[in-house]
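Convert by adding 554 to the 1-based position in the sequence shown; the result is the number in my numbering. Only one structure is covered here, and it is reproduced in the block below.
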Amino acid sequence: MRLPFCLLAASALLLSACGALPARTTSESAVSVPQELAGEYDNHAERWNASAGGKQAPATNAAPAIHHWLTHPGGDRKQLLWRVVLPDTTPVQEARWLLISEGNGFLPYRPLTADAEAVFLNPVKNVRIDDKSWAPLNACMLKAAATRNGLAFAADPSACSALLPGIGATAALLPLRFELVNDRLRVVMVADQARGVDAATLSQRVRWFTGWDALNGGGVKALPDNNDWHLRRDLRLHSEGGRMPLKFRDGAASGYSLELARLTYRESNTEVLRLGVIEDASGRMLSYVWADPDARRIGLSLGWLQVGLEVENTARDTRAQ
């Protein structure tokens, strides 16, 4: 489902709500960059909760579907490449920022050239800053801010707003505040101001799983004595609503897909890792199994389908996914 996301009004609303994001700085000596900030994050669980567990469409002012990639180029912990994508927009909206650790926070830069943009997909070396390739957004400096969770980084919205018209459409996806709480990344972007003063997105850290499936040639109506099993060993999907279509050995679509998602059921406050089979035509969840949210293995066995998944080697590169 594709939902509208009010980007054009973001700058104007930011100007009128400049007090919404106080940046209460701590002393420079007390500040440290979060050790586990780098990673991949997605807010599928937040969207799922906003849709009453998938039973209805999220409200128009609900957080948009969003995916983050944060990488230290060349392993340099003083630099952070931040790629933001809104996958449900048409065309897909994307922004890329380079955050440099300075003093008690991060100074964001925006890429100006194709070579600078390419760094985000192949960050094997740390970034060499030059005026032709990168533009510093000095007024949008993200300074350390005390929170009940420990530490966040926040910009001064009123100062930052003056730069937004010159940045263009990607300014809507500029982070004004972010904090990492365990494995959840809470972010306030410029565009979030269109949804209210306290609006933000909450994304969970992505884990990738790989594995296999055995699909009976008879499909969902396969008879018990049908031994025509179509085996695939190239399954790969992530833990935050990752989907992959089930196919027969000739590549033909089966009409069903796998979905892996880490969810929290509000009624019981129970967090689970759910592996489900979805009917593509209707979007209906046909069957599912639960596991512990931190499980490293999960699988299911139906009369016509068997699946086995295991956490992928964390050293594998997922930037281009």
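Positions of the beta carbon are idealized from the N, C-alpha and C atoms, including for glycine.
Boundaries of the alpha helix (DSSP H) around R601: 598 to 604. When secondary structure is reduced to three states using DSSP, S855 falls in the strand class.
Taking 8 Å as the cut-off, the Cβ atoms of R740 and A725 do not count as close. For the alpha helix (DSSP H) assignment, the uninterrupted runs of no fewer than 4 residues enclosed by the segment 620 to 694 are, from N- to C-terminal side, 668 to 672.
Under the three-state reduction of DSSP output, G809 falls in the strand class. In the three-state DSSP reduction, R761 falls in the coil class, being neither helix nor strand.
Of the residues D834, G771, E594, the one whose Cα lies closest to the Cα of G809 is D834. The C-beta of R637 has 16 or more other C-beta atoms within 10 Å across all chains shown, which makes the residue buried. One thing to note: R820 has its Cβ within 8 Å of the Cβ of N603. Pairing Q758 with Y595 gives a Cβ-Cβ distance under 8 Å. DSSP places S841 in the uninterrupted beta strand (DSSP E) bounded by 839 to 845. Buried is the label assigned to S793, since at least 16 other Cβ atoms lie within 10 Å of its Cβ. Secondary structure at G862: strand, using DSSP grouped into helix, strand and coil. Around the beta carbon of T625, a 10 Å sphere encloses 16 or more other beta carbons of the protein chains shown; the residue is thus reported as buried.
A direct Cα-to-Cα measurement between M798 and A768 gives close to 14 Å. Around the beta carbon of V646, fewer than 16 other beta carbons lie within 10 angstroms, which makes this residue exposed.
In summary, A599 is buried, with 16 or more beta-carbon neighbours lying within 10 Å of its beta-carbon over all protein chains present.
In the same chain as R749, and ignoring 5 residues on each side of it, the C-beta atoms closer than 6 Å to its own belong to N615, in chain order. Distance from the CA of A613 to the CA of W858, rounded to the nearest whole angstrom, comes to 37 Å.
Taking C-alpha positions only, D804 is separated from A700 by approximately 56 Å.
Annotation for A698: the continuous beta strand (DSSP E) segment containing it runs 696 to 701.
Straight-line measurement puts the Cα of D737 at about 33 Å from the Cα of P719. For P719, no beta strand (DSSP E) segment is defined; the enclosing uninterrupted segment is the alpha helix (DSSP H) at 718 to 721.
Within the same chain, and ignoring the five residues on either side of W688 in sequence, the residues whose Cβ sits closer than 8 Å to its Cβ are L652, Y663, R664, P665, L666, A670, V681.
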